[in-house]
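Student: Residue numbers (the numbering used here): 8 to 253.
We treat Cβ as the ideally placed atom computed from N, Cα and C, and that holds for glycine.
Pasting a structure below so you can have a look.
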Ligand code: PXP
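Take a look at the structure:
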């Protein structure tokens, strides 16, 4: 079964709107795990717009599944990761003005920084995933610098309409098969929701999805545990050999 990593950044976005103590991402993580999350994902951004340093520490102490830290190639964030020791780090590009991560990491254009960050994290026993577009050259570079996994950016697929949907799926399919053959773990994420997740779980080789905004949005209405359970059902519904989620 494909793992679901629940990104809880936007629980912290609501908290930071008042710079208060709630809603607490730790409570959200506990409920997400009760709903069947296979992992918890957070992005400690350099501008700290949602997740804060102490969330990372508290979540490391409380997450029982897997903690995945999304981060830029920054020495300061690497230092925090080395202290907290998430199970996995996903390297992402970061721009201060963006609303959310707008595209994959350009490994070719940032080779030295990505390699240095990957080496440091791996030396600390942290698995490294690179968030990239569905591009064969980026996959090959990820492999060559020793990444354990790649996470393909599904935002363009999520935004596509009409015939473009099939084009974007075909690109993701080709890149996923290439990455799996190269021995990389294959993850996908960004912009996935209850309606568009189906075709993604049918792509061969996909092991993990990281989904945030749609789950947190639904959680506002129905609660986190149910929102996660609903997503697990949406994923299972389309999975080739269906099994009910726990
Ligand atoms: N994966 C990565 C690498 C991301 O940067 C994000 C957004 O923080 C996500 C997955 C989740 O995207 P969304 O919130 O659109 O589900």
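Just to confirm my understanding: we take residue 71, look at its own chain, exclude 5 residues before and 5 after, and list those with CB closer than 7 Å. What are they?
Tutor: On the chain shown, position 64 is the one that residue 71 refers to. Hits under 7 Å: 40.
Student: In the DSSP assignment, what residue or residues form a beta bridge with residue 156?
Tutor: Against the chain shown, residue 156 aligns to sequence position 149. According to DSSP, residue 156 bridges with 136, 192.
Student: Tell me residue 10's beta-bridge partners as DSSP assigns them.
Tutor: The count along the chain shown starts at 1 and reaches residue 10 at position 3. Partner(s): 215.
Student: Which of the three DSSP states is assigned to residue 15 in this structure?
Tutor: In the chain shown, counting from the first residue as 1, residue 15 sits at position 8. Here residue 15 sits in coil by DSSP.
Student: Within 10 Å of its beta-carbon, does residue 27 have 16 or more other beta-carbons around it, so buried, or fewer, so exposed?
Tutor: One-based indexing of the chain shown puts residue 27 at position 20. Classification for residue 27: exposed.
Student: Find the nearest neighbour of residue 230 within the set 36, 87, 133, judged by alpha-carbon distance.
Tutor: As a working mapping, residue 230 is identified with position 223 in the chain shown. Of the candidates 36, 87, 133, the one whose C-alpha sits nearest the C-alpha of residue 230 is 36.
Student: In terms of residue numbering, what span does the alpha helix (DSSP H) encompassing residue 84 cover?
Tutor: Residue mapping note: residue 84 aligns to position 77 of the chain shown, counting from 1. DSSP places residue 84 inside the alpha helix (DSSP H), whose first and last residues are 82-91.
Student: Do residue 58 and residue 30 have their beta-carbon atoms positioned less than 8 Å apart in this structure?
Tutor: Within the chain shown, the letter at position 23 stands for residue 30. Within the chain shown, the letter at position 51 stands for residue 58. Between residue 30 and residue 58, the CB-CB gap reaches or exceeds 8 Å.
Student: Is there at least one non-hydrogen atom of the ligand PXP closer than 7 Å to the beta-carbon of residue 16?
Tutor: Numbered from its first residue, the chain shown carries residue 16 at position 9. At least one heavy atom of the ligand PXP is nearer than 7 Å to the Cβ of residue 16, so yes.
Student: According to DSSP, residue 49 sits in a beta bridge with which residue or residues?
Tutor: For the purposes of this step, residue 49 is taken as residue 42 along the chain shown, with counting starting at 1. The partner list for residue 49 (beta bridge, DSSP) reads 76.
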